[in-house]
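S.K.: In our numbering, the protein residues as written are 15 to 567. Ideal Cβ positions, reconstructed from N, Cα and C, are used throughout, including at glycine. Got a structure here, written out as structure tokens. Questions coming.
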């Protein structure tokens, strides 16, 4: 039996658009002789729909469209697709009105519905806010093939792999009669996550002696990037098929009823060999889809000659094309000549248009207006930040006037400790590298330059500086970035205490300084543009910290 695995990039809420893609894919798979076609979790509406799920009109549109689609589907192929369905028991106290479901479409109707059993509520997930969990094993049959259905999290609770259970139920243990396990997913990208997925499914296939097919959503939705990478394992745990990363794909596998196993019909798409290549392609997709799905075709950003804006400009060109990216240089009296020349060289290497808007005159006007208030004070951070705010205002004016997407260029290290200016360099519609620590920024730029110099060498070797006062260096305010990033990794990602961090060799002074800065900067992060998530703990949907707090202050 030929099975098709459809890895699609939906637009959340655009049900007609999504169904147009789905219909086209059904036609392709049917012509290729597939008997079963699989789509990702919530393919009809896109994942995550968030509070759109509270609108009855949204749910009604999903369900009416699904019923119409079921009637149109060709009879020679069955379709398993992720959708939202009403919970008829919602009137019972404590139950949510919806299910996260998989619908089996066959012979012009919705033949069966299967409901997700494990509803994640950690990090970016809030599924228990909207859905009731399913409470029964999910099976269906095609001829003599018995198939078990799981939806995303349903596979992520096996004690034999994780060494613990996060939920009281393991849906796999209720699917022991299945010949084949299918998993419909919308699993967001995190660097290195595909390796974990494949290790887990290989283990599960061997442990339960069953082949598994995993079909994942692809595309950028707000701060989340979905990497696709759908794949299949045979019952020996071998990867026999793998779809492309960060792109739509349609792949096929063969199930042998005699051997009760999956077999490849084409070689698996290779994994990335370098972490930097994977991260870069994730960010490119994130920018491309955020712009496209929000209605932007062009982007603007400030070019300082520094490494962060250089990286963001390079990503923007890969995502949108050089003709659709504008770089704006805004030198002040404190800007070094090499910063201006580095920015211009980068623009020349990328082939993007630039504009130069000196800000000295605006700075002078601000100084004159504020002089009656500031005359008895020393030049300080407020005056330094005015430069950043002037630049942010100019960039927003350009974005507003021409309908461009303003890309913010701050990195995760700066966002963590608040080394950024609210209403200044934090302005923007999308923070491209907000989840990329400064040390990773350097490694990504070196990877970009592996074949030819795109980012000027001087940008890579000069000490980082905001250039808001004479001879300023980042390390005047912050620990060296290799130290800062290690403390951030331990505190934010590993949730270590100051005492545990100190055991890694960090000084108590640096630890307390960094943790205090993280807490003090929370109000800034709450007002930041959405930042593309590439790590297991980003300052976005999954970061839920109080602002008015005295913990570690």
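1. Leaving aside the five residues before and after residue 326 along the sequence, list all residues of the same chain whose C-beta is less than 7 Å from its C-beta, in chain order.
2. For residue 81, is the classification buried or exposed, using 16 other Cβ atoms within 10 angstroms of its Cβ as the cut-off for buried?
3. Per DSSP, what are the beta-bridge partners of residue 256 in this structure?
4. Alpha carbon to alpha carbon, how far is residue 23 from residue 230? Give it in angstroms, no decimals.
5. Contact defined as beta carbons within less than 8 Å: I believe residue 226 pairs with residue 195. What is the distance between those atoms, to the nearest angstrom?
6. How many angstroms separate the CA atom of residue 283 from the CA atom of residue 137?
7. Can residue 188 and residue 132 be called in contact, C-beta distance under 8 Å?
8. If we require 3 or more residues per run, which beta strand (DSSP E) segments fall completely within the segment 140 to 223?
9. Which residues in the same chain have their Cβ closer than 7 Å to the Cβ of residue 127, if we skip the five residues on either side of it in sequence?
10. When the Cα atoms are used, what is the spatial distance from residue 543 to residue 456?
11. Between which residues of its own chain and residue 59 is the CB-CB distance below 8 Å, once the five residues before and five after are set aside?
12. Along the chain, where does the alpha helix (DSSP H) that runs through residue 359 open and close?
13. Assuming residue 334 contacts residue 317 under a Cβ cut-off of 8 Å, what Cβ separation, rounded to an integer in Å, is found between them?
14. Less than 8 Å between the CB atoms is what I'm expecting for residue 502 and residue 451, so what's the real figure, rounded?
15. From the DSSP output, in three-state form, read off residue 467 for me.
16. In angstroms with no decimal places, state the Cα-to-Cα distance between residue 122 and residue 39.
17. Quick one: what's got a C-beta closer than 8 Å to residue 293's C-beta in the same chain, skipping five residues either side?
18. Which residues mark the beginning and the end of the alpha helix (DSSP H) in which residue 114 is found?
19. What number of angstroms, rounded off, separates the C-alpha of residue 190 from the C-alpha of residue 222?
20. Which of the three DSSP states, helix, strand or coil, is assigned to residue 18?
21. Check whether the segment 344 to 360 touches the segment 399 to 418, counting contact only when three or more Cβ pairs, one atom from each stretch, lie closer than 8 Å.
22. Bridge partners of residue 518, per DSSP?
23. Alpha carbon to alpha carbon, what distance is there between residue 339 and residue 300?
24. Can you tell me the Cβ-Cβ gap for residue 438 and residue 402, rounded? I've got them flagged as a contact below 8 Å.
25. Kindly indicate which three-state DSSP category residue 72 falls into: helix, strand or coil?
26. From residue 263 to residue 45, what distance separates their C-alpha atoms?
27. Can you look up residue 275 in the DSSP assignment and give me helix, strand or coil?
28. Which residues share a DSSP beta bridge with residue 310?
29. Would a C-beta distance cut-off of 8 Å place residue 149 and residue 162 closer than the cut-off?
30. Relative to the C-alpha of residue 179, which residue among 171, 384, 256 is closest?
31. Write down every uninterrupted run of the beta strand (DSSP E) in the segment 47 to 98 whose length is 3 residues or greater and which is fully enclosed by it, in chain order.
32. Relative to the ligand PLP, is the shortest distance from any of its heavy atoms to the C-beta of residue 562 smaller than 7 Å?
33. Between which two residues does the beta strand (DSSP E) carrying residue 389 extend?
34. Mark residue 366 as exposed unless 16 or more other C-beta atoms lie within 10 angstroms of its C-beta, in which case mark it buried.
35. Mind checking residue 517: buried by the 16 CB within 10 Å criterion, or exposed?
36. Relative to the C-alpha of residue 268, which candidate in 546, 89, 247, 364 has its C-alpha closest?
M.R.: Judging by the given coordinates:
1. Residue mapping note: residue 326 aligns to position 312 of the chain shown, counting from 1. Leaving aside the five residues that flank residue 326 on each side, the residues in its chain whose CB is nearer than 7 Å to its CB run, in chain order, 315, 421, 423, 446, 447.
2. Translated into the one-based positions of the chain shown, residue 81 becomes position 67. Classification for residue 81: exposed.
3. The residue labelled residue 256 in the question sits at position 242 within the chain shown. DSSP output for residue 256 lists 245 as bridge partner(s).
4. Position 216 of the chain shown, counted from the start, is the residue given in the question as residue 230. Position 9 of the chain shown, counted from the start, is the residue given in the question as residue 23. Using only the alpha carbons, I get a separation of about 10 Å.
5. As a first step, residue 226 must be located in the chain shown, where it is residue number 212. As a first step, residue 195 must be located in the chain shown, where it is residue number 181. Rounded to whole angstroms, the Cβ separation of residue 226 and residue 195 is 5 Å, and the two are in contact under 8 Å.
6. Here residue 283 refers to the residue found at position 269 when the chain shown is read from its first residue. Here residue 137 refers to the residue found at position 123 when the chain shown is read from its first residue. For residue 283 and residue 137, the distance between alpha carbons rounds to 29 Å.
7. Taking the first residue of the chain shown as position 1, residue 188 is located at position 174. Taking the first residue of the chain shown as position 1, residue 132 is located at position 118. Taking a C-beta distance under 8 Å as the contact criterion, residue 188 and residue 132 do not qualify as a contact pair.
8. Qualifying beta strand (DSSP E) stretches, in chain order: 153 to 156, 159 to 165, 194 to 199.
9. In the chain shown, residue 127 corresponds to position 113, counting from 1. Cβ-Cβ distances below 7 Å link residue 127 to 99, 115, 117 in the same chain, with the five nearest sequence neighbours on each side left out; the list follows chain order.
10. The residue given as residue 543 occupies position 529 in the chain shown. The residue given as residue 456 occupies position 442 in the chain shown. Their backbone Cα atoms lie some 23 Å apart in a straight line.
11. On the chain shown, position 45 is the one that residue 59 refers to. Excluding positions up to five away in sequence, the list reads 24, 26, 27, 29, 32, 66, 72, 76, 97, 98.
12. Within the chain shown, the letter at position 345 stands for residue 359. Run containing residue 359: 351 to 364, per the alpha helix (DSSP H) assignment.
13. The residue you call residue 334 lines up with position 320 of the chain shown. The residue you call residue 317 lines up with position 303 of the chain shown. Not a contact, Cβ separation roughly 16 Å.
14. Numbered from 1 along the chain shown, position 488 holds the residue referred to as residue 502. Numbered from 1 along the chain shown, position 437 holds the residue referred to as residue 451. Going by Cβ atoms, the distance from residue 502 to residue 451 rounds to 7 Å, so yes, they are a contact pair.
15. Indexing the chain shown from 1 puts residue 467 at position 453. If DSSP states are grouped into helix, strand and coil, residue 467 belongs with coil.
16. Locating residue 122 in the chain shown gives position 108, counting from the first residue. Locating residue 39 in the chain shown gives position 25, counting from the first residue. Those two C-alpha atoms are separated by around 17 Å.
17. Taking the first residue of the chain shown as 1, we reach residue 293 at position 279. Cβ neighbours of residue 293 beyond the five flanking positions: 205, 450, 454, 458, 548.
18. Counting from 1 along the chain shown, the entry for residue 114 is found at position 100. Segment 112 to 120 is the beta strand (DSSP E) holding residue 114; no alpha helix (DSSP H) there.
19. What you label residue 190 is simply residue 176 of the chain shown in a count that begins at 1. What you label residue 222 is simply residue 208 of the chain shown in a count that begins at 1. Residue 190 and residue 222 have their C-alpha atoms roughly 7 Å apart.
20. For the purposes of this step, residue 18 is taken as the residue at position 4 of the chain shown. Residue 18 falls in the strand class under three-state DSSP.
21. They touch, by the three-pair rule.
22. Counted from its first residue, the chain shown places residue 518 at position 504. Beta-bridge pairing by DSSP links residue 518 to no other residue.
23. Indexing the chain shown from 1 puts residue 300 at position 286. Indexing the chain shown from 1 puts residue 339 at position 325. If you take the alpha carbons of residue 300 and residue 339, they lie about 16 Å apart.
24. The count along the chain shown starts at 1 and reaches residue 438 at position 424. The count along the chain shown starts at 1 and reaches residue 402 at position 388. The beta-carbon distance between residue 438 and residue 402, rounded to whole angstroms, is 3 Å. This is short enough to meet the 8 Å contact definition.
25. Your numbering for residue 72 matches position 58 in the chain shown. Here residue 72 sits in helix by DSSP.
26. Along the chain shown, read from residue 1 onward, the residue named residue 263 stands at position 249. Along the chain shown, read from residue 1 onward, the residue named residue 45 stands at position 31. Those two C-alpha atoms are separated by around 16 Å.
27. Sequence index remark: in the chain shown, residue 275 carries index 261 (1-based). Note: residue 275 maps to strand in three-state DSSP.
28. On the chain shown, residue 310 is found 296 positions in, with the first residue counted as 1. Bridge partners of residue 310: none, in fact.
29. For the purposes of this step, residue 149 is identified with residue 135 of the chain shown, where counting begins at 1. For the purposes of this step, residue 162 is identified with residue 148 of the chain shown, where counting begins at 1. The answer is no: Cβ separation not under 8 Å.
30. Walking along the chain shown from the start, residue 179 turns up at place 165. Comparing Cα-Cα distances from residue 179 to each of 171, 384, 256, the minimum goes to 171.
31. Every beta strand (DSSP E) stretch that sits fully inside the segment 47 to 98 and reaches 3 residues is listed by chain position as 50 to 52.
32. The model on display carries no ligand, and the ligand PLP is accordingly not part of it.
33. Counting from one through the chain shown, the residue named residue 389 turns up at place 375. That residue, residue 389, is in no beta strand (DSSP E); it is neither H nor E in DSSP.
34. Against the chain shown, residue 366 aligns to sequence position 352. Counting Cβ neighbours within 10 Å, residue 366 comes out buried, since at least 16 surround it.
35. Within the chain shown, the letter at position 503 stands for residue 517. In this structure residue 517 is exposed. Its beta-carbon is surrounded by fewer than 16 other beta-carbon atoms within 10 angstroms.
36. As a first step, residue 268 is located in the chain shown; it is residue number 254 there, counting from the start. Closest option to residue 268, Cα to Cα, is 247.
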